[in-house]
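The structure appears right after this line, and notes come after that.
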C-alpha cells in the first residue's frame, strides 16, 4: 500500500526542486540559443552568484535585499567578463573547443572561490520565512516552496522580457539566424555579451536559492551536472524544454531519493539522460537539426 | 639538421620513423629511459611511472577524441573498470599480471563499447554529456556492487609477480609500466598507418562523407570507443598494480577532464601530443608544489596550494585553446622546423 500523502509531499518537494533546475536550465538555454555555446560551467556560475551574496550579506553585513541585488549585478558583470575574455576569442571555432573552454572555466572558478573563501562549507544567512507551508494536507518545506516561487516569478519575467523587450527580440532574432540579424542592424556581438550577462544574473538568483536551501561550498558545481541532464532531456535550444525537463528531473530525483535512497539520485538522473539520448537524441522539445553535406 | 632524405622505395616512405636523425634520437631516448631508474631518486621514479600510466590513458583518449572526433568524458571511468578487473583477478585467482592487464583492457573495451552505443545517434557535445552519464553510472556500480568491488572501501591489490619476484617498489614497477607504455604508444602510432586508423580520421573530418565513401560508421565508431577503452583499461590495471588499492573515488569525473586536458594541451590528433600533454599535465602540479616550497612563508601558503592547482589546471586548458590550439606538439614541430635548416639559414 502506497502512502499517498507521503507520495504527494515528495512529489511537491520534487516539483519545488525542479523549479530551481528549470531556472538554472533557463540560464543555460539562453546562452545556448544565442551563442551556441554548451556551457559546462553553469553550476559554477550558480556558485559564484551564491558566494557573492555570501560576501555581501555575511562578510559586509549588508541588508539581504541589497545583498541580493549586489550579488546579481556582480554575477552579471562577471558573466560579461567571461564572455569578452574567454568566449569571444573562440568565435567561429569548433563547438567542441568552446565546450572545452567552459570546462576549463569551471576549474578556474572553483579554484578562485576556494582561494578566496576556503574549501569549507558556509551557511548563507536565513532570509526566507520559516513556518511550514500547507498545500491541502501535504506539508512543504518553506525554503523549497519559496524557492519555487522565486524561480516561477523569475522565469515568467524572463519570458515576458523575451517577448516584448527590444533586447529580447534582438536575442531571439540572433538565435534564429545570426546573419539575418546582422543584416537587420542588430549588433550581434553585443547581443552575445548581453546574453551572458543576463544568464549569469539568472544563474546567480538560482545559486542564492540553492545555496540557502542546502549550504555553500566549492563543490556546489555538481548541481550543474543535473542541470545538464535537464537541458539535454528538454532539448538544448528549447525554453519550454528546460521548464518541463527541470520539473521532470526534480520529480525523478525526489522519488528515487525517497523510495530507493539518496545514492540512487544521480544514477536515476543519468539513466534518464541515457534513455532520452537513445530515444530522442535532440531532447523532448529540441529542434532536430538535419545535417547536409 | 635534416637534409638529404630522398626516398627510393615506398617502404621507406611509409616507415614510421623515416629519417636517420629521428632514429638516432629515438635510440638516445630509449637509452635514457633504460638508464633513468638507476640514477633517479624514488620520487622521480614514482613520477615517471605516473606519467607513463597517464600517457597510456591519454593516448587512448586521443585515438577517440583527437583522431575519431568523438569527445569522451568517461576515460577515467573506463580506467576504473580495468583497475577493478585486474584487482579482482589478482586477488581471487592470482593469474599472471600480463594476462590480468589484457583482461582488464578487454573488459574495459566491452564496457566502453556499450557506452559508445549512443555515439551512433548523437555526437559532439551530446556525446560528451552521454559519457558523463557513463562515468556516473560506473561510479555507482563500483560503489554498490559490494560482492565484487568491495563497496566504498574498495580493494587492496597484491603486487604483480614476475617469476616469483614481486614488483613492489617504484624501481621494479618502472620496468613493468614503462615498457608497456612504450609498446602501447607505438601501437597507437602504427594504427594510423592502417586502414582502420585512416577510417577513424575520415570519420573525424566529416562523418557523412566517410559513410558515403563506404566506411561503416557503426562499426568504426564502436571500434574507436573499444580501442580507447582498451587503452584506458590497461592504464587502469597498471594504476591498480602501482598504487595497490582501488576505490570508487580513485577515478572521479575530474580525472576524465584531466585526460581531456592532457590531449588539448599536448595536441589533439597527434601521438606526440598525448605523450607531451600527459607528461606536462602530470608534472605541473608537482612543479607548483616546488614553487610553493620556495615561497617565504611556505607553511602559511600551503593551504592555498590546492586551489591554485585547480586554477592553473583550468587556465592551462583555456590558455592553450585560445593561444595554441594545436598544443605542445605544434610548438615542438616549430622548434624542429627551425633546426631542419639550422646552420645554413640565418
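Residue numbers (our numbering), protein chains in the order written: chain U, 1 to 293; chain R, 1001 to 1346. Quick reminder that beta carbons are idealized off the backbone N, C-alpha and C, glycines included. For clarity, every value in this text was computed on a predicted model and none was experimentally measured.
By a beta-carbon distance limit of 8 Å, residue 1063 of chain R contacts residue 1191 of chain R. Their separation comes to about 7 Å. Residues of chain R with a Cβ closer than 8 Å to the Cβ of residue 263 of chain U are, in chain order, 1140, 1143, 1144.
Taking the Cβ atoms as the reference, residue 48 of chain U lies roughly 32 Å from residue 11 of chain U, outside the contact range of under 8 Å.
In the three-state reduction of the DSSP assignment, residue 78 of chain U falls in the helix class, which pools H, G and I. DSSP places residue 135 of chain U in the uninterrupted beta strand (DSSP E) bounded by 133-135. Taking CB atoms only, residue 89 of chain U has a neighbour in chain R less than 8 Å away. Residue U:15 holds the alpha-carbon nearest to the alpha-carbon of residue 151 of chain U among U:138, U:186, U:15. For residue 99 of chain U, same chain residues with a beta-carbon under 6 Å away, outside a window of 5 residues either side, are 38 in chain order. Runs of the alpha helix (DSSP H) lying entirely within the region 1051-1112 of chain R and spanning at least 4 residues, in chain order: 1075-1092.
Secondary structure of residue 1307 of chain R (DSSP, three-state): helix.
According to the DSSP secondary-structure assignment, residue 139 of chain U is paired through a beta bridge with U:134.
The Cβ atoms of residue 221 of chain U and residue 19 of chain U do not sit closer than 8 Å to each other. The three-state secondary structure of residue 1144 of chain R, taken from DSSP, is helix.
By the rule that beta-carbons nearer than 8 Å mark a contact, residue 1136 of chain R touches chain U. With contacts defined as CB atoms closer than 8 Å, residue 1203 of chain R and residue 1220 of chain R qualify as a contacting pair. No Cβ-Cβ contact shorter than 8 Å links residue 1233 of chain R with residue 1134 of chain R. No Cβ-Cβ contact shorter than 8 Å links residue 1273 of chain R with residue 1197 of chain R.
Two segments are said to touch when three or more pairs of C-beta atoms, one from each, lie closer than 8 Å; by this definition the region 1124-1132 of chain R does not touch the region 1094-1105 of chain R.
Taking 8 Å as the cut-off, the beta carbon of residue 21 of chain U is found closer than this to the beta carbon of residue 230 of chain U. Assigned with DSSP and collapsed to three states, residue 1114 of chain R falls in helix. In terms of beta-carbon proximity, residue 232 of chain U lines the interface with chain R, with at least one pair separated by less than 8 Å.
Among the residues facing chain U, residue 1291 of chain R is not included, as its CB has no counterpart in that chain under 8 Å away. Residue 52 of chain U has its alpha-carbon roughly 37 Å from the corresponding atom of residue 1153 of chain R. The beta-carbon of residue 251 of chain U is placed no less than 8 Å from the nearest beta-carbon of chain R. Within the same chain, and ignoring the five residues on either side of residue 132 of chain U in sequence, the residues whose Cβ sits closer than 8 Å to its Cβ are 139, 140, 141, 142. Contact between residue 1113 of chain R and residue 1235 of chain R fails: their C-beta atoms lie close to 17 Å from each other, not under 8 Å. As the crow flies, the alpha-carbon of residue 1077 of chain R is around 42 Å from that of residue 130 of chain U.
Against residue 1178 of chain R, chain U offers no close residue; the least beta-carbon distance is about 29 Å (beta-carbon pairs closer than 9 Å). DSSP assignment within the region 1008-1056 of chain R yields the following whole alpha helix (DSSP H) runs of 4 residues or more, N-terminal first: 1010-1014, 1020-1039. Put simply, the CB of residue 103 of chain U is near chain R, with a gap under 8 Å to one of its CB atoms. Just measuring C-alpha positions, the residue of U:253, U:227, U:254 sitting nearest residue 241 of chain U is U:227. What residue 1304 of chain R touches in chain U, judged by beta-carbon distance under 8 Å, is 115, going in chain order.
Put simply, the CB of residue 1275 of chain R is far from chain U, with every gap to its CB atoms at 8 Å or more. Membership of residue 174 of chain U in the alpha helix (DSSP H) is indicated by the continuous run 166-176. Membership of residue 1241 of chain R in the alpha helix (DSSP H) is indicated by the continuous run 1217-1243. For residue 223 of chain U, the uninterrupted alpha helix (DSSP H) segment begins and ends at 222-234.
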